[in-house]
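Quick notes on the structure that follows.
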Amino acid sequence: MNNSTALGSSSGQLTLDGGLLNLNDQTVSVGNLTGSGGTIANNASNARTLTIGTGNGSGGVYQGVIANKTGTGTGSLALTKTGTGTITLGGSNTYTGATIINGGGTLVLTGSTQATTAITFAANSSLGLVIGSPVTASSAAVNFANGKVSVTGTPSTPSHVLLTALSFAGTPVLSSPIAGYELQVVGNQLQLNQVITDPYVTWSGGASFGTDTNNAGLANGLAWLLGAANKDANASVLLPKATQNTGALVINFTCLKAANRGNAVLKVQYSRDLGVGDAWHDVNVPGDAGGSVGDVTFVPSANADPTLINMQATIPAAAATPGNKLFGRLNAVSGP
Numbered sequence: 001m002n003n004s005t006a007l008g009s010s011s012g013q014l015t016l017d018g019g020l021l022n023l024n025d026q027t028v029s030v031g032n033l034t035g036s037g038g039t040i041a042n043n044a045s046n047a048r049t050l051t052i053g054t055g056n057g058s059g060g061v062y063q064g065v066i067a068n069k070t071g072t073g074t075g076s077l078a079l080t081k082t083g084t085g086t087i088t089l090g091g092s093n094t095y096t097g098a099t100i101i102n103g104g105g106t107l108v109l110t111g112s113t114q115a116t117t118a119i120t121f122a123a124n125s126s127l128g129l130v131i132g133s134p135v136t137a138s139s140a141a142v143n144f145a146n147g148k149v150s151v152t153g154t155p156s157t158p159s160h161v162l163l164t165a166l167s168f169a170g171t172p173v174l175s176s177p178i179a180g181y182e183l184q185v186v187g188n189q190l191q192l193n194q195v196i197t198d199p200y201v202t203w204s205g206g207a208s209f210g211t212d213t214n215n216a217g218l219a220n221g222l223a224w225l226l227g228a229a230n231k232d233a234n235a236s237v238l239l240p241k242a243t244q245n246t247g248a249l250v251i252n253f254t255c256l257k258a259a260n261r262g263n264a265v266l267k268v269q270y271s272r273d274l275g276v277g278d279a280w281h282d283v284n285v286p287g288d289a290g291g292s293v294g295d296v297t298f299v300p301s302a303n304a305d306p307t308l309i310n311m312q313a314t315i316p317a318a319a320a321t322p323g324n325k326l327f328g329r330l331n332a333v334s335g336p
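The sequence shown begins at 1 in the numbering used here and counts up one residue at a time.
Next comes the structure, spelled out in structure tokens:
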């Protein structure tokens, strides 16, 4: 079709399954846009706009291409999605004008590449993106002010790239929450990323890791790693028990299982003189299987609480050489 003046402005549905719809330097508005292929192009010397969604047209899926031109012509084409409906563009579009989403509706992009130079939103409008079908709009400046992002699909990995663009402004907000995930701009990518909650922060309510909130003699972080119910619990009852076995120092304690420690590290430390001349030697408490770490042997056993594990750490008698004294303690650090 080489003369779009017959279309003008309409809230009716436009279906294009192949061939060329030549806008021929006209600004055209339609309701729903559907079709399995073909190209919609300006093919003229002026900048024009294709508006879709008038009359709140909704449900359309257009798999063809929207382009500045297919042959001659120096003009560009822009796209405005209006109305409260949802329309999906599945093609790799080559138009370079701005993409504007307004009217409170949603424009869903599933085509792999988009040449648009800007994506902006009006209040309550949404850009739709699909997990597993990332969109690349390398020339687009995306401004999330006023609008939201509608994500379709179920996340299956900790991170999904949704959109790659030239730049981002504003804060991306999900139109509907996805449990355990949030939108994040990472470099030039919009990603849907799993929210990793620090278990210590959840336990402590944000109290400092190194502070002894209730003056029980243990810093909050160590009390947490040893299984205290909360930061106000009397954690002194959780202190390790030390015994001697043929010169070896044996320390028995209960601690959180490895999966429940977050980034925190529980350490066994030993010294011949409390660190005065012989600096404390650090040995990280291993995972639930125990084993040997440096000179220290860890033997685990089950605890009635499924979040905890009992651990026996044996520091060999040789660690006291030279001399015959050996001191041990537990220490906690908030990260590796």
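For every residue, glycine included, the Cβ atom is placed at its ideal position computed from N, Cα and C.
Quick caveat, the model's predicted, so the values are computed rather than measured.
Where residue i sits in the DSSP three-state scheme
{"i": "L16", "result": "strand"}
{"i": "S167", "result": "strand"}
{"i": "V185", "result": "strand"}
{"i": "A207", "result": "coil"}
{"i": "T202", "result": "helix"}
{"i": "L192", "result": "strand"}
{"i": "A6", "result": "Note that A6 scores a pLDDT of 49, beneath 50, so its modelled location is shaky; the value from the coordinates is reported in the next line. It is helical."}
{"i": "S236", "result": "helix"}
{"i": "A75", "result": "First, the residue type needs correcting, since residue 75 is Gly and not Ala in the sequence shown. Reduced to three states, the DSSP call for G75 is coil."}
{"i": "G37", "result": "strand"}
{"i": "L174", "result": "strand"}
{"i": "L218", "result": "coil"}
{"i": "A137", "result": "strand"}
{"i": "A229", "result": "coil"}
{"i": "A223", "result": "helix"}
{"i": "A123", "result": "coil"}
{"i": "N46", "result": "coil"}
{"i": "Y62", "result": "strand"}
{"i": "A179", "result": "coil"}
{"i": "N68", "result": "coil"}
{"i": "N32", "result": "coil"}
{"i": "S334", "result": "coil"}
Beta-ladder partner(s) of residue i, from DSSP
{"i": "G128", "result": "V108, S150"}
{"i": "K81", "result": "I52, I101"}
{"i": "G328", "result": "Y270"}
{"i": "Q26", "result": "Answer by DSSP bridge pairing: none, since Q26 is not bridged."}
{"i": "K241", "result": "N252"}
{"i": "A115", "result": "Answer is none; A115 lacks a bridge partner."}
{"i": "I87", "result": "L107"}
{"i": "L21", "result": "I40"}
{"i": "N143", "result": "A169"}
{"i": "S159", "result": "N193"}
Under 7 Å between C-beta atoms of residue i and residue j
{"i": "G128", "j": "V142", "result": "no"}
{"i": "V149", "j": "F168", "result": "no"}
{"i": "N93", "j": "F121", "result": "no"}
{"i": "S204", "j": "N188", "result": "no"}
{"i": "D17", "j": "A44", "result": "no"}
{"i": "G180", "j": "F144", "result": "no"}
{"i": "T88", "j": "S58", "result": "no"}
{"i": "T82", "j": "T51", "result": "yes"}
{"i": "Q194", "j": "V161", "result": "no"}
{"i": "T297", "j": "T314", "result": "yes"}
{"i": "S133", "j": "T106", "result": "no"}
{"i": "A137", "j": "A165", "result": "yes"}
{"i": "L20", "j": "N42", "result": "no"}
{"i": "L239", "j": "C255", "result": "no"}
{"i": "V354", "j": "G111", "result": "The structure shown has nothing for residue 354, since the chain only spans 1 to 336."}
{"i": "A317", "j": "G247", "result": "yes"}
{"i": "G287", "j": "A258", "result": "yes"}
{"i": "S11", "j": "G31", "result": "yes"}
{"i": "G64", "j": "T96", "result": "no"}
{"i": "G277", "j": "D198", "result": "no"}
{"i": "V135", "j": "L163", "result": "yes"}
{"i": "G328", "j": "R272", "result": "no"}
{"i": "T84", "j": "G60", "result": "no"}
{"i": "I66", "j": "T80", "result": "no"}
{"i": "T243", "j": "V237", "result": "no"}
{"i": "G75", "j": "A47", "result": "yes"}
{"i": "T157", "j": "S139", "result": "no"}
query: Do the region 272-286 and the region 206-222 touch if we need at least three Cβ pairs shorter than 8 Å?
result: no
query: Which parts of the region 257-328 are runs of the beta strand (DSSP E), unbroken and 3 residues or longer, counting only runs that do not cross its ends?
result: 265-271, 281-284, 291-293, 296-302, 308-315
message: Taking 8 Å as the cut-off, does the region 310-323 touch the region 219-233 (at least 3 CB pairs, one atom from each stretch)?
response: no
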